[in-house]
Amino acid sequence: MDAISGDLNAPHSMGTTIIGVTYDGGVVLGADSRTSTGMYVANRASDKITQLTDNVYICRSGSAADSQIVSDYVRYYLHQHTIQLGQPATVKVAANLVRLIAYNNKNMLQTGLIVGGWDKYEGGKIYGIPLGGTILELPFTIGGSGSSYLYGFFDQVWKEGMTQDEAEKLVVKAVSLAIARDGASGGVVRTVTINKDGATRKFYPGESLPLWHEELEAKDSLLDILSAASPEPMVS
Amino acid sequence: MLSKLADSTPAMPGLMLASAAGSDSQRTLYPYVTGTSVVGIKYKDGILLAADMGGSYGSTLRYKTVERMKPVGKHSIIGASGELSDFQEIMRYLDELILNDNMWDDGNSLGPKEVLNYLTRVMYNRRNKFNPLWNSLVLGGIKNGKKYLGTVSMIGVHYEDNHVATGFGNHLARPILRDEWHDDMTFEEGVKLLEKCMRVLLYRDRSAVNKLQFHSETLINVNDKLLLLSTAFEWLSKMPKFYTHKQIAKITEEGVTISQPYSLKTFWGFSAFQNPTVGAEGSW
């Protein structure tokens, strides 16, 4: 018989939205840019997509400190590994190094990670490493507190073998939707696209994102609205 | 030959600076990404295991194509419920165990009973250190024509039987199996019985996901030779092909086949489901 299942303490509030998707030829990683301490936004333009090697990047969510230290260790080990190997590390090796640290320190770490990259053997690959240190190679994955709002969205729109443009648009749309509803996600949308030609960073400020339900076009001032309209009293 | 007591020591010593730096040794944790029930039975030609392919994250059905059953060595299959990262670690321990076994190159190989015994020692010793591997495992296999099916829990409780289950399966599947299992079931009967169990679990287990995998260990008679066929096989409708000589030979030459995940139909057509609160408005 099984023992008591214990305190199933799984989804902790992890202020972020992070996404990784594969497309035909590479991967696209995306994230929001909000770092919060409690209710205060400590950094409104953080970069949650961190470089591990030229061809492998990692999306970080959860504790900023924990995710940073894990990335730093993995970057250090991968650097040595690359020297020894004589060629770029594979995404699988990078992801497994992350898993090793995440799994063996599971009691102390509070970070969910997405490793994505491109290597010449397997092409574009995405690995999800949630709390606990499970490693799963997936065609796409989402993480962070904002991801709760995206499961239905991805269930509907995901398809295999997208083009790079389709994949980037999908990621930007998804992060933007999550930002709209998750208080712990916000700021700008950052993406990194990795393929055989290398890694490209992109940046999408708020105004460039589509408007969702109950959101209004941003204006400089009320005065602009008033002067644009005919001289009538304001009606509610 | 005995691999060292499998505790939380990582595969690459020195890599895990955090845990080596004398910080508080790991204590009882809680599971994060979990798999639900595994059900297994003995049948005429061998062992059948079934599990869904879900990886839950608390109440979220987060991952829906997780393989929770894997072959082990030449003779066995393992199925796991509970924390997925711990199952992945157990698979690493087993890979090392099987590798060392093969390196002896003595013609002998670990059978299912031996593998489960190893796992029992691992699970129990971890429990004693208050740092359990949060899994319930089912181990099935055949060696020297003898069928074996056993289970071990996260605290080291282990036993063998003709039918076993983990998690919710203990409460929902085992009563069905107690009633309907009998010796020398055919393959078709076995699959139908397991599907009955899996359907009930799908109805009544919140963490169940409608995507199943079956694994089987079978003894096949090919040209009068008893061969062990370790397969994860396809849907029942394809089974008639399985038993023709030609097909078997083909399968054994190809080796292990990857199972095709499939979903079960569910029934909602009871008249009582139509208007359940008629005559008792407000009830449910």
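Chain order of the listed sequences is E and P.
With the UniProt record's numbering as the guide, the letters of the first sequence map in order to residues 1 to 236.
With the UniProt record's numbering as the guide, the letters of the second sequence map in order to residues 1 to 284.
All C-beta atoms in this analysis are idealised placements derived from N, C-alpha and C, irrespective of residue type, glycine included.
Requested in this report: Please decide whether Lys106 of chain E counts as near chain P, where near means a Cβ-Cβ distance under 8 Å.
Outcome: yes
Requested in this report: Give the C-beta separation of Gly123 of chain E and Ile114 of chain E to the nearest angstrom, bearing in mind that I take them to be a contact with Cβ-Cβ under 8 Å.
Outcome: Gly123 of chain E to Ile114 of chain E, Cβ: 17 Å. No contact.
Report task. Give the interface partners of Pro130 of chain E over in chain P, defined as CB-CB distance under 8 Å, in chain order. Result -> Tyr32, Val33, Tyr57, Arg62
Query raised in the report: Can you find a CB in chain E that lies within less than 8 Å of the CB of Gln260 of chain P?
Result: no
Query raised in the report: With a cut-off of 8 Å, does the C-beta of Ser85 of chain P fall near any C-beta of chain E?
Result: yes
**Report entry** Residues that Met69 of chain P bridges to, as DSSP identifies them
**Finding:** P:Gly79
**Report entry** Beta-carbon contacts of Gly161 of chain E that lie in its chain and below 6 Å, excluding the five residues immediately before and after
**Finding:** Asp24
**Report entry** In DSSP terms, what Val122 of chain P is bridged to
**Finding:** In DSSP, Val122 of chain P forms no bridge with anything.
Query raised in the report: Which residues in chain P sit within 7 Å of Tyr103 of chain E, going by Cβ to Cβ distance?
Result: Ser85, Glu89
Query raised in the report: Name the chain P residues that come within less than 8 Å of Ile19 of chain E, Cβ to Cβ?
Result: By Cβ distance, chain P contributes nothing, its closest Cβ being about 14 Å from Ile19 of chain E, past 8 Å.
Query raised in the report: Could you give the distance in angstroms between the alpha-carbon of Lys125 of chain E and the alpha-carbon of Arg174 of chain P?
Result: 41 Å
Query raised in the report: Three or more beta-carbon pairs under 8 Å between the region 37-44 of chain P and the region 187-201 of chain P, yes or no?
Result: yes
Query raised in the report: Per DSSP, what kind of secondary structure is His215 of chain P in: helix, strand or coil?
Result: strand
Query - Host alpha helix (DSSP H) of Val157 of chain P (start-end) - result: Looking at the DSSP string, Val157 of chain P is not in any alpha helix (DSSP H), and its letter there is neither H nor E.
Query raised in the report: Should Gln87 of chain E go down as buried or exposed, given a rule of 16 or more other Cβ atoms within 10 Å for buried?
Result: exposed
Query raised in the report: Going by other Cβ atoms of all chains shown within 10 Å of its Cβ, with 16 needed for buried, is Lys159 of chain E buried or exposed?
Result: exposed
Query raised in the report: Which residues in the same chain have their Cβ closer than 6 Å to the Cβ of Thr22 of chain E, if we skip the five residues on either side of it in sequence?
Result: Gly124, Ile126, Pro139
Query raised in the report: Quick one: is Gly133 of chain E near chain P, going by C-beta distance under 8 Å?
Result: yes
Query raised in the report: Who are the near neighbours of Val152 of chain P in its chain, counting only those whose CB is closer than 7 Å to its CB and skipping five residues on each side?
Result: Leu116, Leu119, Thr120, Met123, Leu137, His158
Query raised in the report: What is the C-beta distance between Val70 of chain E and Ala102 of chain E, in whole angstroms, given that I count them as a contact (C-beta under 8 Å)?
Result: 7 Å
Query raised in the report: Alpha carbon to alpha carbon, what distance is there between Ser59 of chain P and Asn104 of chain E?
Result: 24 Å
Query raised in the report: Do you know how far the Cα of Leu97 of chain P is from the Cα of Gly107 of chain P?
Result: 16 Å
Report task. Taking C-beta pairs closer than 8 Å, name the residues in chain P that Leu78 of chain E reaches, listed in chain order. Result -> Per Cβ cutoff of 8 Å: no residues; Leu78 of chain E is ~12 Å from chain P at best.
Query - Own chain residues within Cβ distance below 6 Å of Ala180 of chain E, not counting five before or after - result: Trp212
Requested in this report: Ignoring anything shorter than 4 residues or poking outside the region 103-138 of chain E, list the alpha helix (DSSP H) runs there in chain order.
Outcome: none
**Report entry** Assigned secondary structure, Val28 of chain E (DSSP; H/G/I helix, E/B strand, else coil)
**Finding:** strand
Query raised in the report: Taking Cβ positions only, does Leu212 of chain P come closer than 8 Å to chain E?
Result: no
Query raised in the report: Using the rule of at least 16 other Cβ atoms within 10 Å of the residue's Cβ for burial, across every protein chain shown, is Asn195 of chain E buried or exposed?
Result: buried
Query raised in the report: Using the rule of at least 16 other Cβ atoms within 10 Å of the residue's Cβ for burial, across every protein chain shown, is Arg92 of chain P buried or exposed?
Result: exposed
Query - Contact check, Val192 of chain E vs Leu52 of chain E, beta carbons under 8 Å - result: no
**Report entry** Whole runs of the alpha helix (DSSP H) within the region 163-193 of chain E, excluding any shorter than 4 residues
**Finding:** 164-181
Query raised in the report: Nearest-angstrom Cα distance between Asn275 of chain P and Pro205 of chain E?
Result: 52 Å
Report task. For Val188 of chain E, I'd like the list of residues in its chain whose CB is within less than 8 Å of its CB, leaving aside the five on either flank, ordered along the chain. Result -> Asp32, Ser33, Ala45, Phe203, Tyr204, Pro205, Gly206
Report task. Decide yes or no for the touch test of the region 74-85 of chain E against the region 216-228 of chain E: beta carbon pairs closer than 8 Å, at least 3 of them. Result -> no
Query raised in the report: What three-state label does DSSP hand Leu110 of chain P in the structure shown?
Result: coil
Query - Where Asp52 of chain P falls: helix, strand or coil (DSSP) - result: strand
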